[in-house]
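A quick write-up on the structure given underneath.
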Amino acid sequence: GNATNICSDKTGTLTENRMTVVEGFFGDVSYEQEEFAGNPIPESVKRVIIEQCSINRSAYLVYKDQEGKTLDRPAIIGNKTEGALIMMVKSWGHDHEELKTNNFLEGRDKIYSFNSAKKRST
611 GNATNICSDK TGTLTENRMT VVEGFFGDVS YEQEEFAGNP IPESVKRVII
661 EQCSINRSAY LVYKDQEGKT LDRPAIIGNK TEGALIMMVK SWGHDHEELK
711 TNNFLEGRDK IYSFNSAKKR ST
């Protein structure tokens, strides 16, 4: 699977250095943030979203600060957009790290970084 478009604006990113998913277009239907938790997205579509967001390699979550204190909210290290997608998966009650380990096989799968000429990554 792949995403054909990820549309974002920077509201909150510059002021709080935080990006969150507030709306998505999945399976030819638009959903807003409050609908995500309500589970109206068909399970087959949701499963693909969860798996594909979880195999991301350009962001990860940190749960403790440098002194070892637990953070109120996980910090996103790396790509903020990818981190927001991981946080969405987490808010749906799934362990993205476990899914990444189980679904991405280093010997089989390949990551292609974003290419500005092609305007995509996979």
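Under my numbering, the first residue of the sequence shown carries the number 611, and numbering increases by one thereafter.
Beta carbons are placed, not taken as given, at the ideal position from N, Cα and C, and that holds for glycine.
**Item:** Option nearest Gly637 by Cα separation, candidates Ser654, Met629, Glu677
**Value:** Ser654
**Message:** Tell me which residue opens and which closes the beta strand (DSSP E) that Lys674 is part of.
**Reply:** Its beta strand (DSSP E) spans residues 669 to 674.
**Item:** Other residues of its chain near Leu695: CB distance less than 6 Å, five sequence neighbours each side excluded
**Value:** Answer for Leu695: Cys663, listed in chain order.
**Request:** Output the distance between the C-alpha atoms of Thr630 and Tyr641, rounded to the nearest integer angstrom.
**Result:** 14 Å
**Message:** Under 8 Å, with one C-beta from each stretch per pair, do the stretch 711 to 722 and the stretch 683 to 703 reach the 3-pair mark?
**Reply:** no
**Request:** Can you have a look at Asp719 and say buried or exposed, based on whether 16 or more other CB atoms are within 10 angstroms of its CB?
**Result:** Classification for Asp719: exposed.
**Message:** I need the DSSP call for Asn689, collapsed to helix, strand or coil.
**Reply:** coil
**Item:** For Val658, the first and last residue of its enclosing alpha helix (DSSP H)
**Value:** 653 to 664
**Message:** Let me check one thing: in DSSP terms, what residues is Phe636 bridge-paired to?
**Reply:** According to DSSP, Phe636 shares a beta bridge with Val639.
**Three-state secondary structure assigned by DSSP to Thr630** = coil
**Asked** According to the neighbour-count rule (16 or more other Cβ atoms, all chains shown, within 10 Å of its Cβ), is Gly678 buried or exposed?
**Response** exposed
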